[in-house]
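Colleague: Numbering (our numbering), first residue to last: 119 to 525. By construction, the Cβ of each residue, glycine as well, lies at the ideal position given by its N, Cα and C atoms. All values reported here derive from a predicted model rather than from experimental measurement. One structure follows; several queries about it will come next.
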């Protein structure tokens, strides 16, 4: 039996903080459990990554790439040949790769010179379809073109949610494969008293309403709405608190720090400093304890709930009662009032109403959490790895781009 060897290209990887990096590490480990070999090329310094405690397995080869300049058009194929990779698979997020379009153009370049380089097939996963900043006055048409190019010159194009699949089909004529992401924090078996113990450790009292938020802050996550919602709940008479679980900002986008400052300023101006606590970076087990301790998870994404959000997937997997924002595109996997409660984006009044509704109805919280956890069983890493291996095998025999035409 031939062992398949996949070379992942990712702009972030543990110990860097970031959802795509965590996703890639989880996927790599799951693929290895199913017999594949995995190597990683990432922006993290190779030696630092190789000694990371988050490293998937000791037989994962991890290589460092300091700059994502046009030289990668030649260095990546050279690395793939050296290690004997069967696939080059780029995990793409717009804010990663220092927003250098060289990575976007790589499949196009490789498509033209593949016969000369004996390249393996290219797979491309879109973790979002946001258009990149290129240079001052770069028009929307050029930015969309740069984003779409990989889909037209990759043997396998993957998206993580139905909305992105429909958008690529409608705008580019590309039939992408949908493979959802899983939770980057897998829920362990916790003792029955973990919730009470954790609340005591965090100095929360029984009668207090503890809202949770999990993940990095950036402008798309709705941090301002979080604080405004907390403020409204306090004004309504609730002894409400907000536990911010995880690192404050990620590594990919430097504008996150400016947004964090806006959120912290709002906390101070509303006098909520003693009601908001930040855990900072924690181990997966510690995150799970905090998710068990909260009363509900409030995730007010500005761009709506989506299965591309690993933090949402973690909330589902942990059986949290979740209040989140109405999806902007199709999300058939989740139903309002069944697994989650949907609210309109940037609407602290609606958010406070939904939170109050759950605060007054513990039974509803339990039902939502139980259904959320059941739904998450569709998104296990083993199932995700099996789907990847299936599509690798299916497309390597065809070895043609999944895009409709050269553009």
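Distance, Cα to Cα, residue 186 vs residue 382?
Modeller: Near 33 Å, if we compare the C-alpha coordinates of residue 382 and residue 186.
Colleague: In whole angstroms, what is the alpha-carbon distance linking residue 388 and residue 349?
Modeller: When rounded, the distance between both Cα atoms is 7 Å.
Colleague: Below 8 Å, how does it come out for the stretch 434-444 and the stretch 317-324: are there three or more Cβ pairs, yes or no?
Modeller: Flag = no, the stretch 434-444 and the stretch 317-324 do not touch.
Colleague: Just list the alpha helix (DSSP H) runs in the stretch 259-339, keeping only unbroken ones of 4 residues or longer that don't cross its boundaries, in chain order.
Modeller: Counting whole runs of 4 or more residues, the stretch 259-339 contains the alpha helix (DSSP H) stretches 280-290 and 312-319.
Colleague: Under the DSSP definition of a beta bridge, which residues are partnered with residue 359?
Modeller: For residue 359, which the question treats as bridged, DSSP gives the partners 328.
Colleague: Would residue 229 be called buried (16 or more neighbouring beta carbons within 10 Å of its own) or exposed?
Modeller: With 16 or more other Cβ atoms within 10 Å, it is buried.
Colleague: Taking the continuous alpha helix (DSSP H) assigned at residue 492, which residues delimit it?
Modeller: Element bounds for residue 492: 480-494.
Colleague: Does DSSP classify residue 505 as helix, strand or coil?
Modeller: Three-state DSSP puts residue 505 in a helix.
Colleague: Suppose the cutoff is 8 Å on Cβ atoms and the five residues either side in sequence are ignored; what does the same chain contact list for residue 152 look like?
Modeller: Here the set comprises 500, 503, 504 and 507.
Colleague: Does residue 245 come out as helix, strand or coil in the three-state DSSP assignment?
Modeller: Note: residue 245 maps to coil in three-state DSSP.
Colleague: Using 10 angstroms around the beta-carbon of residue 134, count the other beta-carbons present and answer buried if the total reaches 16, otherwise exposed.
Modeller: Buried is the call here.
Colleague: If contacts are defined as beta-carbon pairs under 8 Å, then residue 362 and residue 396 qualify, I think. What distance do you get, rounded to the angstrom?
Modeller: The pair is a contact, with the Cβ atoms about 5 Å apart (cut-off 8 Å).
Colleague: Start and end of the beta strand (DSSP E) containing residue 183?
Modeller: Premise fails: residue 183 is in no beta strand (DSSP E) and is neither H nor E.
Colleague: Where does residue 436 sit, in a helix, a strand or coil, going by DSSP?
Modeller: If DSSP states are grouped into helix, strand and coil, residue 436 belongs with coil.
Colleague: Assuming residue 459 and residue 424 form a contact by the criterion Cβ under 8 Å, report the distance between their Cβ atoms to the nearest whole angstrom.
Modeller: Actually they are not in contact, since the Cβ atoms of residue 459 and residue 424 sit about 16 Å apart, beyond 8 Å.
Colleague: Does DSSP put residue 217 in a helix, a strand or coil?
Modeller: Looking at residue 217 - three-state DSSP - the assignment turns out to be helix.
Colleague: So, helix, strand or coil for residue 226, using DSSP?
Modeller: In this structure, residue 226 counts as helix in the three-state DSSP scheme.
Colleague: Quick check on the DSSP output: the beta strand (DSSP E) that includes residue 210 runs from which residue to which?
Modeller: It spans 205-210 - the beta strand (DSSP E) in which residue 210 sits, taken as one unbroken run.
Colleague: Taking the alpha helix (DSSP H) that residue 379 falls in, what are its first and last residues?
Modeller: Counting along the chain, the alpha helix (DSSP H) containing residue 379 begins and ends at 374-387.
Colleague: Our contact map puts residue 220 next to residue 188 with C-beta atoms below 8 Å; I'd like the distance itself, whole angstroms only.
Modeller: That pair is a contact at about 5 Å.
Colleague: Within 10 Å of its beta-carbon, does residue 537 have 16 or more other beta-carbons around it, so buried, or fewer, so exposed?
Modeller: Past the boundaries of the shown model lies residue 537; the chain is included only from 119 to 525, so the question cannot be answered.
Colleague: With a CB to CB cut of under 8 Å and the five nearest residues on each side skipped, what residues in its chain are close to residue 445?
Modeller: Excluding positions up to five away in sequence, the list reads 281, 422, 423, 424, 452 and 460.
Colleague: Is it the case that the stretch 466-486 contacts the stretch 425-432, given that we only count it when at least three CB pairs across the two stretches are under 8 Å?
Modeller: Because the criterion of three Cβ pairs below 8 Å is not met, the stretch 425-432 and the stretch 466-486 do not touch.
Colleague: If you run the structure through DSSP and keep just helix, strand and coil, what is residue 414?
Modeller: Strand at residue 414.
Colleague: So, for residue 496: in the same chain, excluding its five sequence neighbours on each side, which residues have a beta-carbon less than 8 Å away from its beta-carbon?
Modeller: Excluding sequence neighbours, residue 496 sits near 298 and 451.
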